[in-house]
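Trainee:
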Amino acid sequence: MKLLKDEVLNGLAERGANVAQFVSFGPDEKQRFCRVRNVPVGQQFPTVFQALECLLQNAEAASINIRTFLVDKPDGNPFEYGLKSASDAEAKVVKFLREGFHVIVNETIHVNDGGFSGVVFGSLIEGAPNDIPRCVEKPGCMQLPRAMGLDLIKKVYGFVFHMPFDRSYRVEFSVHPHRVGYGHDRQIIWQAEQYDAGAIPPEPQLIWPNKFSRIMGDKAFGLLVADLYGFPVPRTMVFGRQIPQFELGLELKNGEPVWVRTVPKEQTPGKFQTVRGYKDPFQIMQDDDPDNTKIAAILIQDGVPATYSGSAITSSDGEMILEGCRGYGDDFMIGQRSPEELPASVTGETGFLFDRMRERLGDIRFEWVFDGRHAWVLQLHRGKSASSGSVIYPGTPARWVQFDVQQGLEPLRALVAEAQKNGLGVVLNGEVGITSHFGDILRKAKVPARLLQIKTNVA
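Quick note on this note's numbering: the sequence shown kicks off at 2 and runs consecutively.
#1: Can you check which of these residues, 161, 69, 364, is closest to residue 104 by C-alpha distance?
#2: Would residue 237 pass as a contact of residue 192 if the rule is Cβ separation under 7 Å?
#3: Can you give the Cα-Cα distance for residue 56 and residue 27, rounded to whole angstroms?
#4: My output table needs one value for residue 407: the three-state DSSP class, helix, strand or coil.
#5: Going straight from the alpha carbon of residue 382 to that of residue 47, what length do you get?
#6: Helix, strand or coil for residue 440, going by three-state DSSP, please let me know.
#7: Go through its chain and collect everything with a Cβ distance to residue 403's Cβ below 6 Å, but skip five positions before and after it.
#8: Name the one or two DSSP bridge partners that residue 265 has.
#9: May I have a chain-ordered list of the alpha helix (DSSP H) segments no shorter than 4 residues that lie completely inside the stretch 188 to 239?
#10: Please return the same chain residues whose Cβ sits closer than 7 Å to the Cβ of residue 384, not counting the five positions on each side in sequence.
#11: Is the CB-CB distance between residue 145 and residue 239 below 7 Å?
#12: Rounded to whole angstroms, what's the CA-CA distance from residue 201 to residue 334? Just pull it up for me.
#13: When the distance is taken between beta carbons, is residue 376 closer than 7 Å to residue 1?
#14: Flag this pair as touching only if the stretch 135 to 152 and the stretch 112 to 124 have three or more C-beta atom pairs under 8 Å; answer yes or no.
#15: Please identify the residue among 371, 166, 82 whose C-alpha is closest to the C-alpha of residue 343.
#16: What separation, rounded to the nearest whole angstrom, lies between the Cα atoms of residue 390 and residue 249?
#17: Where are the alpha helix (DSSP H) runs, 4 residues long or more, that stay fully inside the stretch 95 to 175, in chain order?
#18: Could you tell me which residues DSSP puts in a beta bridge with residue 382?
#19: Is residue 242 helix, strand or coil by DSSP?
See below:
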């Protein structure tokens, strides 16, 4: 006989899983289970009101939810969220019981605390922030191989996720930056159900942007992915608006100034500040994003002594386009320095790193720095570019217009808006890289574009 929902929750706690604190009742108005901190397991309260009052007193959010179910209809039944009065909750619970429902009353655990909810099943972890585990039924969730997802939780949230179930179980969970629940832990197990081998999903392919990468910022998420795969990333401290502070990469004790980098929620090439040397990150966020809507995080990254720097993309025909210049690459990316011929040591090391990342992630784009011996990842994004040869983005516009790259990125953004409206194509006039932010802006906008001049290393 299949266990009822409150029996499952009690069994999870017996198995060592952390669950939300709860008490449950049957249609006969008798209490069934109790899992409340500072109270003996199975404590029987004289009245419904006293049980709910005790639960509210121990709930960190000082709020409770009412879940109902029927023996032959476990889902799709009445639900009440965020009740703060024991007497109000008692009236609703008694009403539901007299209508024949079983009732579980659990503490409210907020989903918008910087954590995320989801499902682990087989070789898959998926989930999203600001939502309950059923978020996996919606598009846009983060999907990761199981091992990588567990490593992400350890890296970002600072604890080892524990799972008292094997891969045949579909487990609904939530992760939190602080301790919650009956077991006072940073994870909650909401449900676990065992499936036959044929129903277990295969390991997924990692895709971003997704809902998790957006609240962290695409730039930070890409570096996190690179670090989790073991690729060389300089130590980076991530200060997020929603995600808790965490650190990734390899510490470099070389005396180089740090870099402070803004992290837009989605890629906005060259729009926000990048500063060499320490600058107040909170002032940068206030200056660049005063309404708190565009920047997800700030990165403070160890500096790498730059012999050469640049970027690389996967072209439309699947080849690597590698560009760069001597020294630091920030001026190259904003078109103030031209791409240079790169020595074999640079193209060899950077190409080797590119191939390693592409083997794991598929088509990629990344910004790099070469320290004289090794290439390092400064940014990583997934996806193939539409560029090939001197073509930045293909198309047959009604008319081509030239744009002098000396004007800078902001005038180009204005021209892009006009080109989208009027069906124009853009020819970049000047010695600028196809992988620079000029190319990024045009590709992202899908405006037909090409270079008037080109200097690239194609491999």
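Don't be surprised by glycine CBs; every beta carbon is placed ideally from N, CA and C. Fair warning: this is a prediction, and the values are worked out from it, not measured in the lab.
Mentor: The short version:
#1: 69
#2: no
#3: 17 Å
#4: helix
#5: 59 Å
#6: helix
#7: 428, 430
#8: 296
#9: 212 to 217, 219 to 229
#10: 364, 366
#11: no
#12: 45 Å
#13: Residue 1 is absent from the structure shown; the chain starts at 2 and stops at 460.
#14: yes
#15: 371
#16: 35 Å
#17: 147 to 158
#18: 366
#19: coil
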